[in-house]
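What follows is one structure encoded as structure tokens, with my remarks underneath.
Protein chains: 2
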Amino acid sequence: MAKTATGQVAAGAMIDEAAAVDIGELSQLVGYAVKRAQLKLYEDFLKCVAALQLTPAQFSVLLVLERNPGRNQTEVARALGILRPNFVAMLDGLEARGFCARSRSTTDRRSHELSLTEKGRVALLRARRIIASKHEARLSGLLGPDDRATLLRILGKIVREF
Amino acid sequence: MAKTATGQVAAGAMIDEAAAVDIGELSQLVGYAVKRAQLKLYEDFLKCVAALQLTPAQFSVLLVLERNPGRNQTEVARALGILRPNFVAMLDGLEARGFCARSRSTTDRRSHELSLTEKGRVALLRARRIIASKHEARLSGLLGPDDRATLLRILGKIVREF
DNA sequence: TATTGTTATACTCTATAACTATA
DNA sequence: TATAGTTATAGAGTATAACAATA
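Take a look at the structure:
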């Protein structure tokens, strides 16, 4: 009884055999807090879209292709912070599943103009709905609209100006 | 002249040859914003302590050992979210550099009681000073004390309750 | 039987150099 | 010569199974 593997105190003011390890000032370091939050959010995102077999990175590619049809691999990869060599296998996977297409540009035969297929559009629609109704909804419920907006504002400042 | 590789507009209202790719609603997804901010912060942290040859993960281990002497590998690894098998090589590296020590527990000869050496204490002191004066100082300067505290509060809520 | 530290291993991410075909 | 897509490859980081010593 009294399963206290994570160090919680059992009912009745019973002290756990081993006090919790103290991470000290680590919890006051922004980088550490961001890292821990990122792992939590990534894990939940993955669980939410598991049924669709999409990773956060794949989801982000579909989103960008929808909004930027005709762009080439270099442009899309750079916008998402993905290195061009690593983007190749990613696109291969999405293309093999029929979610997107490469077509040689007529004006520059080195480039591939990227586009979402109809199947890709459907997958993106489903994913977007699940993310909104499960993942983001739960997060908004926890934080409330004000804190959610504040968090986005502060993180955006770090991304753009730090 | 007019180095616009990243899509910035040059002086004189000159329009860049290729408009920036639009990442759309991605910028409104908390998970994406957190991920991008995490990469920025990690990169700067790494640059700041490059002279000391410490990664954020190694820094966090030294911090926890200082505040929790005598704990074993399982306890410290779990507090930091590191899997026990992966913690072995990490400790090997820190021990080889003389920053920490393992000693067999007298009460449970399976465990190693971990401790910081004097050399580890010195390295931690230096790292802490650099992080405070360079990394965190620059971030606080960008955000201001209120936004920094707010960010820590919201991220802490996600880590603990999401 | 359960736990600690450990080894082995595998899979994903990320990073760099270099090739090809085009420009 | 420079660029787009690609290949090969190497290094982190992370994950699980299993083993020896000990409880």
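Chains as they are written, first to last, in this note's numbering: chain W, 742 to 903; chain B, 742 to 903.
Using N, Cα and C, we set each Cβ at its ideal position, and we do this for glycine too.
Since this is a predicted model, take the numbers as computed values, not measurements.
Residue i - containing beta strand (DSSP E), residue span
i: W/LEU857; result: 853-857
For residue i: DSSP bridge partner residues
i: B/SER844; result: B/GLU854
Of the residues the options, the one placed nearest residue i, counting alpha carbons only
i: B/ASP888; options: W/VAL771, W/ARG869, W/THR796; result: W/VAL771
i: B/LEU893; options: W/ASP763, W/VAL762, W/SER768; result: W/SER768
i: B/ASN813; options: B/PRO797, B/THR848, B/SER874; result: B/THR848
i: B/VAL762; options: W/LEU855, W/ILE895, W/GLU859; result: W/LEU855
i: W/GLY811; options: W/LEU824, W/ARG845, W/PHE903; result: W/ARG845
i: B/GLY882; options: W/LEU880, W/LEU883, W/GLU902; result: W/GLU902
i: W/ASN868; options: W/ARG819, W/LEU795, W/LEU832; result: Just to set this straight, residue 868 of chain W is Ala in the shown sequence, not Asn. The residue with the shortest Cα to Cα distance from W/ALA868 is W/LEU795.
i: W/ILE823; options: B/ARG843, B/PRO886, B/ARG777; result: B/ARG777
i: W/ALA798; options: W/ARG819, W/ARG870, W/MET831; result: W/MET831
i: B/ALA760; options: W/ASN809, W/ALA760, W/GLU836; result: W/ASN809
i: W/ALA818; options: W/HIS853, W/ILE764, W/GLY765; result: W/HIS853
i: B/ARG851; options: B/LEU880, B/THR815, B/THR858; result: B/THR815
i: B/LEU857; options: B/LEU835, B/GLU784, B/LEU782; result: B/LEU835
i: W/GLU784; options: W/LEU880, W/GLY765, W/PRO886; result: W/LEU880
i: W/GLU766; options: B/LEU782, B/ARG825, B/LYS788, B/LEU821; result: B/LEU821
The alpha helix (DSSP H) enclosing residue i, as first and last residue numbers
i: W/GLU836; result: 825-837
i: W/LYS776; result: 771-789
i: W/VAL802; result: 797-808
i: B/GLY882; result: 878-902
i: B/ARG819; result: 814-820
Presumed contact (8 Å Cβ cut-off) between residue i and residue j, rounded CB distance
i: B/CYS841; j: B/LEU866; result: So it is not a contact: roughly 14 Å between Cβ atoms.
i: W/VAL790; j: W/ILE899; result: Not quite, the Cβ-Cβ distance comes to about 26 Å (not below 8 Å), so this is no contact.
i: B/ALA864; j: B/LEU793; result: 6 Å
i: W/GLY897; j: B/ALA774; result: 6 Å
i: B/LEU884; j: W/ILE764; result: Actually they are not in contact, since the Cβ atoms of B/LEU884 and W/ILE764 sit about 22 Å apart, beyond 8 Å.
CB of residue i within 8 Å of CB of residue j, strictly
i: B/HIS876; j: B/PHE786; result: yes
i: B/GLY861; j: B/LEU803; result: yes
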